[in-house]
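Just below is one structure, and these are the notes that go with it.
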Amino acid sequence: MKIDPRERIELEHAQRICTANGYIHYRRFPSGRDAAICKLMYTWAIYADLTAWGYGDRWCFSSYAKALTALAEWDGADDTEPQGWHRHPDSGRRREDGDPARETVNF
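If you're matching positions, the sequence shown starts at 20 in this note's numbering and goes up one per residue.
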């Protein structure tokens with residue numbers, strides 16, 4: 020988790036942010052974290068830890084189906100991430116075909 024817990028937003032505020040920004044499949048996890056899917060220009064992303072100013076983390080997926088599956092299977096626990104992504108912009112990590120065994124770091 021990359022945000023201060025005080026930055027967490029209330030459920031209704033999160034839902035308004037999702038509606039305003041076109042985020043879909045919003046989830047709030049038992050840990051208190053939250054996440055939603057967003058369509059980007061060429062890919063789909065899971066944004067996690069939504070705040071009033073944006074989000075704390077992002078993972079890119081090659082398709083909507085992969086993002087949806089990853090969000091559905093992820094438990095949102097602290098210090099975890101969804102699986103199947105091909106790019107994590109903040110760390111420069113890339114995973115060919117979403118495979119953790121094929122991870123590289125490119126900045």
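Every residue gets a Cβ at the ideal spot worked out from N, C-alpha and C, and that includes glycine. Keep in mind the model is a prediction, meaning the values are calculated, not measured.
Using the three-state DSSP reduction, which class does R113 fall into: helix, strand or coil? In this structure, DSSP gives R113 an extended state, which the three-state scheme calls strand.
Classify T38 as helix, strand or coil using the three-state DSSP reduction. Under the three-state reduction of DSSP output, T38 falls in the helix class.
Please tell me whether G103 and A91 are closer than 8 Å, where the distance is taken between their beta carbons. Pairing G103 with A91 gives a Cβ-Cβ distance that is not under 8 Å.
For the beta strand (DSSP E) containing Y74, list its first residue and its last residue. Judged by DSSP secondary structure, Y74 falls within the beta strand (DSSP E) whose first and last residues are Y74 to F80.
Go ahead and pull the three-state DSSP assignment for L90. Note: L90 maps to helix in three-state DSSP.
One or two residues paired with A64 in a DSSP bridge: Paired residues: C57 and C79.
Roughly how many whole angstroms lie between the Cα atoms of A54 and H105? Spanning the two alpha carbons is a distance of roughly 18 Å.
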